[in-house]
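Have a look at the structure below before the remarks.
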């Protein structure tokens with residue numbers, strides 16, 4: 023609360039206090055200063071005097087007729103007095119006393135308001151400090167969240183790259199496995215072919231060896247027959 027707001031609050035309190043005081047004064051009349059009047063039983067100078075009222079005496083007006091006013095004293099006694107000696111303004115001494123009392127009330131009220139303003143100012147400062155701290159904490163957490171989000175995004179991108187590598191590796195592995203299986207089938211065929219060719223070669227060598235032996239046997243038989251024929255000729 024700034025100085026202008028404080029002044030407005032204090033001015034409003036003073037106005038309300040004075041307004042209440044004025045309302046209270048309007049309900050009473052007072053004997054004018056420097057006057058000393060008589061209060062009679064009836065409306066007129068021929069009625070008996072029942073009291074002498076000094077200046078500043080407060081009265082309550084009950085009725086008014088011509089130049090006279092029926093009034094009641096604070097003691098409860100009633101009578102008639104001349105209206106021209108009455109005034110709605112309190113005596114100067116009472117006004118001073120009333121103003122002094124009002125001043126004391128306003129001083130106390132002002133002090134109370136000042137204390138309240140100081141308290142509210144301190145509370146406002148505390149709230150502002152706490153809000154500032156909370157704002158700083160929120161900004162720190164926000165920055166941390168931004169950093170974490172960036173890190174998560176980078177991890178996600180890396181994971182996507184790793185996943186792509188894994189998928190490519192799996193594809194290459196499946197291709198290599200298929201190639202190995204093809205090569206194994208080809209090796210199996212080659213081994214079978216090799217085995218078949220090996221057996222054929224052995225058979226050729228066997229047949230070739232058998233043929234050589236058979237040819238040698240025939241040659242031997244022919245040679246023996248030739249020698250027998252020569253022996254018989256001799």
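Numbering (this note's numbering), first residue to last: 23 to 256. A virtual CB, placed ideally from N, CA and C, is assigned to each residue, including glycine.
Cα separation between residue i and residue j?
i	j	result
residue 217	residue 206	16 Å
residue 180	residue 159	31 Å
residue 45	residue 156	Confidence is the limiting factor: at residue 45 the pLDDT is only 42, short of 50, which leaves the residue's position unreliable, though a coordinate-based value still follows. Their Cα atoms are separated by approximately 52 Å.
residue 242	residue 215	40 Å
residue 75	residue 135	43 Å
residue 55	residue 117	12 Å
residue 169	residue 153	24 Å
residue 146	residue 133	19 Å
residue 204	residue 186	27 Å
residue 192	residue 178	20 Å
residue 58	residue 126	32 Å
residue 141	residue 131	15 Å
residue 112	residue 92	19 Å
residue 194	residue 184	15 Å
residue 67	residue 137	60 Å
Have a look at the options and flag the residue whose alpha-carbon is nearest the alpha-carbon of residue i.
i	options	result
residue 84	75, 74, 50 and 114	50
residue 115	79, 154, 211 and 133	79
Please work out which residues of its chain come closer than 7 Å, Cβ to Cβ, to residue i, disregarding the five sequence neighbours upstream and downstream, and give them in chain order.
i	result
residue 64	102
residue 86	105
By Cβ distance below 6 Å, which residues in the same chain neighbour residue i in space, the five residues on each side in sequence not counted?
i	result
residue 69	62 and 63
residue 72	61, 63 and 101
State yes or no: is the C-beta of residue i within less than 7 Å of the C-beta of residue j?
i	j	result
residue 99	residue 82	no
residue 52	residue 109	yes
residue 89	residue 104	yes
Given 6 Å as the limit, tell me if residue i has its C-beta closer than that to any heavy atom belonging to the ligand NAP.
i	result
residue 108	Among the components of this structure there are no ligands whatsoever, and the ligand NAP is therefore not found.
* To do: Let me know the beta strand (DSSP E) ranges lying completely inside the region 85–122, each 3 residues or longer, listed in chain order.
  => 90–94 and 100–104
* To do: Could you name each continuous alpha helix (DSSP H) segment of 4 residues or more that falls completely within the region 119–168, going from the start of the chain to the end?
  => none
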